[in-house]
Amino acid sequence: MGATKSTTDATFEADVLKNPKPVLVDFWAEWCGPCRAVAPILEEIAAEHADKIEVIKLNTDENPATSAKYGITGIPTMNVYVNGEVVKTLVGALPKPKLVRELDQFIA
Numbered sequence: 004m005g006a007t008k009s010t011t012d013a014t015f016e017a018d019v020l021k022n023p024k025p026v027l028v029d030f031w032a033e034w035c036g037p038c039r040a041v042a043p044i045l046e047e048i049a050a051e052h053a054d055k056i057e058v059i060k061l062n063t064d065e066n067p068a069t070s071a072k073y074g075i076t077g078i079p080t081m082n083v084y085v086n087g088e089v090v091k092t093l094v095g096a097l098p099k100p101k102l103v104r105e106l107d108q109f110i111a
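For the sequence shown, my numbering assigns the number 4 to the initial residue and increments by one for each residue that follows.
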């Protein structure tokens with residue numbers, strides 16, 4: 004991992020909900036092909052927009068409580084949190100131009 008960070012059920016509140024920046028949380032798992040496909044794109048976005056948005060990954064297999072709390076049933080699912088609230092949900096391995104467009108209001 005480079006520009007993205009990881010969180011767990013135990014650290015989610017501090018890492019995401021209390022984060023002063025908008026946070027894109029990538030709900031993923033090792034066995035998920037589309038999750039692996041979108042991972043390098045998220046690394047790029049995290050590196051290019053580090054001053055505006057935090058990109059944090061949560062392994063759904065290892066952290067079932069947080070995944071269940073937010074109703075994550077399919078992965079990859081990416082939630083954007085602002086001030087501890089989900090303000091946007093993106094589902095699937097989206098190409099970078101689409102992801103950047105979807106995140107535009109947070110990274111512009």
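Ideal Cβ positions, reconstructed from N, Cα and C, are used throughout, including at glycine.
This one's a predicted model, so the numbers in the text were calculated from it and none came from an experiment.
Neighbourhood of residue i by C-beta distance below 7 Å, restricted to the same chain and skipping five residues each side
{"i": "I75", "result": "F30, T63"}
{"i": "F109", "result": "P25, K55, I56, V83"}
{"i": "G5", "result": "E46, A50"}
{"i": "N22", "result": "E57"}
Which residues DSSP lists as bridging residue i, in chain order
{"i": "I59", "result": "K8, V28"}
{"i": "N82", "result": "V28, T92"}
Proximity of residue i and residue j at Cβ, strictly below 7 Å
{"i": "P37", "j": "V85", "result": "no"}
{"i": "V89", "j": "L61", "result": "no"}
{"i": "I59", "j": "K91", "result": "no"}
{"i": "G87", "j": "L20", "result": "yes"}
When the options are compared against residue i, the one with the closest alpha-carbon
{"i": "K99", "options": "S70, A71, T11, V41", "result": "V41"}
{"i": "E65", "options": "E33, V94, K8, G77", "result": "E33"}
{"i": "F15", "options": "C35, I44, K72", "result": "K72"}
{"i": "D107", "options": "T80, H52, S70", "result": "H52"}
{"i": "K101", "options": "C35, D18, I78, I44", "result": "I44"}
{"i": "R39", "options": "L97, A111, E105, L20", "result": "L97"}
8 Å Cβ shell around residue i - same chain, five flanking residues per side excluded
{"i": "A68", "result": "D12"}
Three-state secondary structure (DSSP) of residue i
{"i": "L45", "result": "helix"}
{"i": "T14", "result": "coil"}
{"i": "E33", "result": "coil"}
{"i": "L20", "result": "helix"}
{"i": "T69", "result": "helix"}
{"i": "D107", "result": "helix"}
Nonlocal neighbours in the same chain, by C-beta distance under 6 Å from residue i, ignoring five residues either side
{"i": "A81", "result": "In the sequence as displayed, the identity of residue 81 is Met instead of Ala. So the qualifying residues of the chain are L27, D29, L93."}
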